[in-house]
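Asks: After the structure tokens below, expect a handful of questions from me.
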Amino acid sequence: MKYYLLVISLTCMLSLNSFAQQAPPNPIPNPPVNMEMLVGDRGLSYQAIINKKFQSVPRLGVFSVMNFQTDWKSSQMNDYMIQGNLTFNLIKGLDISSGFIWVPFQGIRPSAGIMYTYANREWLLVANPRVDLHKKTNGEILALVEYKPQLNEKLKLYTRAQALYTQNLPDDYHARSYVMLRAGVTFKDVTFGVGGNLDYYGPQKMRDHNIGGFVNFNLF
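What follows is the structure, encoded as structure tokens:
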């Protein structure tokens, strides 16, 4: 219970400090909502990422990631992860976050972390280390790199490497990790190409991969 109170108190403090600031005269630019589906040899993989700032409180925002995996053989959801966080910007590109994460077998846990973001027209870099606020703590880092140069007036090259590593800290073992690789082209707000999800589970790092084609949408 004390961990939940810590998260709630931190969030309230950041919110009060943020609302004391003057609202910006111009709208704050926000990244689009990113939705992606991979259809592969193992099954269907889906991911959605939301990273938005409040227009009236530009230092306060929301960061959310949801993904799940299904299997063609069973038509069931074999793995999923949902997290939602309030973020507070400390300096340009660096935020602190607090919220929750929901994964199989462990349920919903309060969570806190930091997030670094760097973006320009060709590159996107994101690093998000976080910890569970729980006696059986998991430590985790999510990292993402995109390279998307312009090919011509209508098309962009799209490449992405996204990796996650989760460690059970009290018992010191590997809990979960993955590497997602994508390569394709972008036309307007739609990207498509080939990709693979390389998943590893448990202390033995049991492998369960999914290779196929993907489509990615940006919703503004």
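Residues 95 to 314 in this note's numbering are what the sequence shown lists, from first letter to last. Every residue, glycine too, gets a C-beta built ideally from N, C-alpha and C. Here the structure is a predicted model, which is why all the values come from computation and not from measurement.
Are the Cβ atoms of Arg276 and Tyr252 separated by less than 8 Å?
Replies: yes
Asks: Does DSSP classify Ser158 as helix, strand or coil?
Replies: Ser158: strand per DSSP, three-state reduction.
Asks: Whose C-alpha, out of Gly307, Val273, Asp189, Asp293, is nearest the C-alpha of Pro152?
Replies: Asp189
Asks: Measuring CB atoms only, is the segment 261-281 touching the segment 218-234, in the sense that at least three cross pairs come out at less than 8 Å?
Replies: yes
Asks: Hey, how far is the Cα of Leu238 from the Cα of Ser168?
Replies: 30 Å
Asks: Considering Lys147, what are the terminal residues of the beta strand (DSSP E) in which it resides?
Replies: 138-147
Asks: To test your reading of the DSSP string, which unbroken alpha helix (DSSP H) runs of 4 or more residues are found completely within the segment 240-314?
Replies: Runs found: none.
Asks: Report yes or no: do the segment 133-143 and the segment 296-309 share at least 3 C-beta pairs separated by less than 8 Å?
Replies: Yes, they touch.
Asks: With a CB to CB cut of under 8 Å and the five nearest residues on each side skipped, what residues in its chain are close to Phe286?
Replies: Gly278, Val279, Gly307, Phe308, Val309, Asn310
Asks: Could you tell me the distance, in whole angstroms, from the CA atom of Asn312 to the CA atom of Ile185?
Replies: 26 Å
Asks: Indicate the three-state DSSP secondary structure (helix, strand or coil) for Trp166 in the structure shown.
Replies: Coil, per DSSP.
Asks: For Asn128, list the residues DSSP reports as bridge partners.
Replies: Ile143, Asn312
Asks: Could you check the C-alpha separation between Lys248 and Gly201 for me, to the nearest Å?
Replies: 44 Å
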